[in-house]
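Letter by letter, the sequence shown follows residues 1 to 64 of the numbering used here.
Idealized CB from N, CA, C, for every residue including glycine.
Everything numeric in this text was worked out from a predicted model, so none of it was measured.
Have a look at the structure below, then the notes.
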Amino acid sequence: MADYVCDKCGMGVTGMQCAKCGKELVHDHISKDDGTKVGVSKCPDGHGMIKSPMCCGNDMGCSV
């Protein structure tokens, strides 16, 4: 299970699941056209992905 925590304020998010299959989303990174990497949370069965959570204007850190 991926746990996301804000490095600035300490707020956390845990237990995100795919609405189609109910499986836990898996933390990953994708590369943008300019070469920068973005954190995402993906369905392990390929139902899609979302941008990883943000807090205090920054991406939240992830521990798996």
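- Residue range 61-63 is occupied by the beta strand (DSSP E) that includes residue 62.
- Counting every other CB atom within 10 Å of its CB across the protein chains shown gives residue 60 a total of 16 or more, marking it as buried.
- Non-local beta-carbon contacts of residue 1 in its own chain, meaning distances under 6 Å to residues more than five positions away in sequence, involve 24 in chain order.
- Note: residue 12 is bridge-paired with 5 in the DSSP secondary-structure output.
- Excluding the 5 residues flanking it on each side, residue 44 has same chain C-beta neighbours closer than 7 Å at 23, 26, in chain order.
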